[in-house]
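Have a look at the structure below before the remarks.
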Amino acid sequence: MIRGLIGMVHLGPLPGSPHAAPLHDTIGRAVSDATDLAAAGFDALMVENFGDAPFYADDVPKVTIAAMTRAVAAIAGAVDVPVGVNVLRNDALGAMAVAAVTGARFIRVNVLSGSMSTDQGPIVGRAAELSRLREALSPEIEILADVMVKHASPPPGLTLEQAAADLWERAGADGIIISGAGTGHPLDHGDLDTVHRAAPDAPLYAGSGVTEDTVTDILSVCAGAIVGTATKVDGVTTNAVDPARARSIVAAAR
């Protein structure tokens, strides 16, 4: 099971995306961020195509999968910590394929079961297809799934308790991610309590807004914390990793 601090490697715009840079440069920046996070003491890394906005809902172009495969392979070859994959907005099957061929240990899925209304339109989970693809490709890959994911709204009547229970009991999640309303936004500790009551055996992960000041409290409750914005120069998500900020977060967590 993936535990501890999971550092975010936010890829720049990939080929086919608006404002894409040469792929060699994008991968070079990503490897630099990854090695800085690993050197600071992060326990694992998550790679996502953050620079590809506006995102496709759940089926990214083939060139995106090809580019992410190159990037994840380069990062995995440069660090000695587990690496995960998130293909935004919600291409879980693509993420599983990238993970399987690069040796990545886990994936993040924004909508694994049910549906959410997002800025990409309605997104519907594909848990049945994903579980079967994992079994065929690499059964040991872990699926970390968001509950009521950020930048989205649930359907009327769906409670946080029911969504969490469905993820854990019916959708094949290996862990549940709880986030704030958007990237870099702190989560509600009441939501952590609610999800824990609904799925008491599920490993929980903080998915946004974790900082040097909050990481100790978060890790006292959660199996892991996904940290991105707080590690970056000036706390800006699209900036490079600031090694001093990354080390401070690790020191606080320890």
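Each residue of the sequence shown is one higher than the one before, starting from 721 at the first, in my numbering.
The C-beta atom is built at its ideal place from N, Cα and C for all residues, glycine as well.
Does residue i come out as helix, strand or coil in the three-state DSSP assignment?
i      : result
Arg809 : coil
Arg974 : coil
Lys870 : coil
Thr838 : strand
Glu932 : coil
Phe826 : strand
Gly814 : helix
Glu768 : strand
Val956 : coil
Ala865 : strand
Gly797 : helix
Val780 : coil
Val961 : strand
Thr821 : In the sequence as presented, Thr is not what sits at residue 821; that position holds Val. Looking at Val821 - three-state DSSP - the assignment turns out to be helix.
Val792 : helix
On the criterion of 16 or more Cβ atoms from any shown chain inside 10 Å, does residue i qualify as buried, or is it exposed?
i      : result
Ala820 : buried
Asp778 : buried
Asp921 : exposed
Asp913 : exposed
Pro857 : The residue you asked about is not Pro; residue 857 is Leu in the sequence shown. The residue in question, Leu857, is exposed, as its Cβ has fewer than 16 Cβ neighbours within 10 Å.
Pro859 : exposed
Ser940 : exposed
Gly804 : buried
Ala964 : exposed
Pro774 : exposed
Arg852 : exposed
Arg974 : exposed
If I follow the unbroken beta strand (DSSP E) through residue i, where does it start and stop?
i      : result
Met982 : The requested residue 982 does not occur in the structure, where the chain is confined to residues 721 to 974.
Gly944 : 944 to 947
Which same chain residues end up closer than 7 Å to residue i when comparing Cβ atoms and leaving out the 5 residues on each side of it in sequence?
i      : result
Ala798 : Val751, Ala754, Thr755
Gly984 : Residue 984 lies beyond the stretch modelled for the chain, which goes from 721 to 974, so this question has no answer here.
Ser833 : Gly845, Ala847, Asp886, Leu887, Arg890, Ala891
Pro733 : His739, Ala740, Ala741, Gly771, Asp772
Ala884 : Val867, Ile896, Val915, Ala918, Ala919
Thr838 : Arg809, His871, Ala872
Ala760 : Pro963, Ala966, Arg967, Val970
Spatial neighbours of residue i within its chain, please: CB distance less than 6 Å, with the 5 preceding and 5 following residues excluded, ordered by chain position.
i       : result
Val953  : Asn959, Ala960, Asp962
Val1011 : This structure cannot settle anything about residue 1011, because the visible part of the chain is limited to 721 through 974.
Asn810  : Asp778, Asn830, Val831, Ile843
Excluding sequence positions up to five away, which residues of its chain have a Cβ less than 8 Å from the Cβ of residue i?
i      : result
Asp763 : Ile722, Arg723, Gly724, Leu725, Ile726, Val801, Pro802, Gly944
Thr903 : Lys870, His871, Ser928, Gly948, Thr949, Thr957
From which residue to which residue does the alpha helix (DSSP H) around residue i run?
i      : result
Ile747 : 743 to 760
Ala848 : 847 to 857
- Whole alpha helix (DSSP H) runs in the region 882 to 939 with 4 or more residues, listed along the chain? The region 882 to 939 contains these whole alpha helix (DSSP H) runs: 909 to 918, 935 to 939.
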